[in-house]
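Read in order, the letters of the sequence shown are residues 186 to 474 in this note's numbering. Glycine included, C-beta positions come from ideal geometry on N, C-alpha and C. All values reported here derive from a predicted model rather than from experimental measurement. Have a look at the structure below before the remarks.
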Amino acid sequence: MPRTLWNGSLSFGLVNVPVSLTSAARDLDLHFRQLHRRDGAPIEQRRFCSKEDAEVDWEEVARGFDLDGKQVMLTDLELAAVQPRKTRTIDIEAFVDMGEVDPIYFDHPWFLLPFGDSEGTLRAYRLLVEVMESTDRAALGRFVMRTKEYLALVRPRDGRLSLTTLRFHDEVRPTDGIAPGGRKPAKKKIDQAVAVIEALAVDWDPERYKDCYRERLKRVVKAKQKGETVKAPAEPKQPKPAPDLMAALEETLARMGSGDGKGSGDGKGKGNGTVKGQGGGRKRKTAAR
Numbered sequence: 186m187p188r189t190l191w192n193g194s195l196s197f198g199l200v201n202v203p204v205s206l207t208s209a210a211r212d213l214d215l216h217f218r219q220l221h222r223r224d225g226a227p228i229e230q231r232r233f234c235s236k237e238d239a240e241v242d243w244e245e246v247a248r249g250f251d252l253d254g255k256q257v258m259l260t261d262l263e264l265a266a267v268q269p270r271k272t273r274t275i276d277i278e279a280f281v282d283m284g285e286v287d288p289i290y291f292d293h294p295w296f297l298l299p300f301g302d303s304e305g306t307l308r309a310y311r312l313l314v315e316v317m318e319s320t321d322r323a324a325l326g327r328f329v330m331r332t333k334e335y336l337a338l339v340r341p342r343d344g345r346l347s348l349t350t351l352r353f354h355d356e357v358r359p360t361d362g363i364a365p366g367g368r369k370p371a372k373k374k375i376d377q378a379v380a381v382i383e384a385l386a387v388d389w390d391p392e393r394y395k396d397c398y399r400e401r402l403k404r405v406v407k408a409k410q411k412g413e414t415v416k417a418p419a420e421p422k423q424p425k426p427a428p429d430l431m432a433a434l435e436e437t438l439a440r441m442g443s444g445d446g447k448g449s450g451d452g453k454g455k456g457n458g459t460v461k462g463q464g465g466g467r468k469r470k471t472a473a474r
């Protein structure tokens, strides 16, 4: 069970449900220490003053912000003056339809679990889960963790509550000034591209998708441990744009139909070979919001 990083209450109106927050994601990346290649000793990082060329203790470190070409220096006490008021509540401000929340605003996933094992806490938590499941709505709220205030989305997941911290609207880059592409394509090209998408359509199953890079990296580390020589592969060639888009789409569909398509997502390079409208086509499901 992951450790609790925050605990308090989920609050809306006169309702307060004691909850705790644990991360719903885990870091499985391989982390390396920096070593001196010559003797294998760990590399240490120290703070040096560029003017005095002397090491600086942490107590002497301030913060600088570049404003109009000048450095504005702030101390930890001055920064503490603007920190949000620390509370132990997730204050729910509104409920929204899940389909209205653009995933581009999603930041980090958490589990929101009942805090304590009293009957009243568990009953209130379970009631909230079932109510939210029946309404198909998510709760929007704010809370403070450490020194930052977060906007959060609370929704039911597998009989429990999950919380996703959200980016604020001005943290998402606007599309103004970003070129949308060339001219609008002909309907035939669109239909061919849609057929390719339908041929590759599958039901979402996260277990089909593996972190291939991490697995290769593990093999390299084990090979080095055994004293084996590791050779870097040749740099792959950058694929060139198709000179004839229609011909490329038709060839892609033909390969899908023969079972030679690529891009199933499981790393095995086999598509399902089914095109919408042909015999044996798969039935599309409406995605749950």
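Residues of its chain near residue i, where Cβ-Cβ distance is below 8 Å and the 5 sequence neighbours each way are ignored
| i | result |
| --- | --- |
| L402 | L215 |
| K271 | V329 |
| S208 | P187, L190, H293, P294, W295, F296 |
| M431 | K373, K374, Q377 |
| R273 | N192, G193, S194 |
| A239 | F233 |
| P359 | none |
| M475 | This structure cannot speak to residue 475, because the chain is shown only from 186 to 474. |
| P269 | V329, T332, K333, E334 |
| V357 | I289, Y290 |
Contacting residues, own chain, Cβ-Cβ under 7 Å from residue i (five flanking each side not counted)
| i | result |
| --- | --- |
| R352 | Y290, D292 |
| E318 | P341 |
| I363 | none |
| L298 | V204, S205, T207, R345 |
| A408 | V415 |
Three-state class that DSSP yields for residue i in the structure shown
| i | result |
| --- | --- |
| Y394 | coil |
| E334 | strand |
| S194 | strand |
| S205 | strand |
| R188 | coil |
| R401 | helix |
| T360 | coil |
| V379 | helix |
| V200 | strand |
| V387 | coil |
| A371 | coil |
| A408 | helix |
Neighbour-count burial assignment, residue i, 16 or more Cβ in a 10 Å radius
| i | result |
| --- | --- |
| F250 | exposed |
| F217 | exposed |
| F300 | buried |
| L252 | exposed |
| L338 | buried |
| V200 | exposed |
| P203 | buried |
| L348 | buried |
| L213 | exposed |
| E220 | In the sequence on display, residue 220 carries Leu and not Glu. Exposed: under 16 other Cβ atoms inside 10 Å. |
| K468 | Its pLDDT being 41, under 50, K468 is placed unreliably in this model, and the value from its coordinates should be taken loosely. Result: exposed. |
| K455 | Confidence at K455 is low in this model, with a pLDDT of 40, below 50, so its placement is unreliable and the value that follows should be read with caution. With fewer than 16 Cβ atoms within 10 Å of its Cβ, K455 is classed as exposed. |
Close beta carbons around residue i, own chain, < 6 Å, minus the five adjacent residues each side
| i | result |
| --- | --- |
| A433 | A427 |
| C234 | V241 |
Any C-beta of chain C under 7 Å from that of residue i
| i | result |
| --- | --- |
| R340 | Absent here is chain C; the protein component of the structure consists of one chain. |
Check your understanding: So does the region 334–341 actually touch the region 213–228, counting three or more Cβ pairs closer than 8 Å?
Key -> no
Check your understanding: Does the region 297–309 come within contact of the region 253–262, defined as at least 3 CB pairs closer than 8 Å?
Key -> no
Check your understanding: Do the region 276–284 and the region 193–201 meet, that is, are 3 or more Cβ pairs less than 8 Å apart?
Key -> yes
Point to revise | Contact the region 309–320 vs the region 343–350: 3+ CB pairs below 8 Å | key: yes
Practice item. Evaluate contact between the region 429–442 and the region 368–383, counting only Cβ atoms and requiring at least three cross-stretch pairs below 8 Å. Key: yes
Point to revise | Segment contact, 8 Å Cβ cut-off, at least three pairs: the region 384–391 with the region 317–328 | key: no
Point to revise | alpha helix (DSSP H) runs contained entirely in the region 219–277, provided each spans 4 or more residues | key: 261–265
Practice item. Would you list, in sequence order, the uninterrupted alpha helix (DSSP H) runs of no fewer than 4 residues that lie entirely inside the region 412–445? Key: 430–443
Check your understanding: Counting only runs that start and end within the region 277–314, where is the beta strand (DSSP E) found for 3 or more residues in a row?
Key -> 291–299
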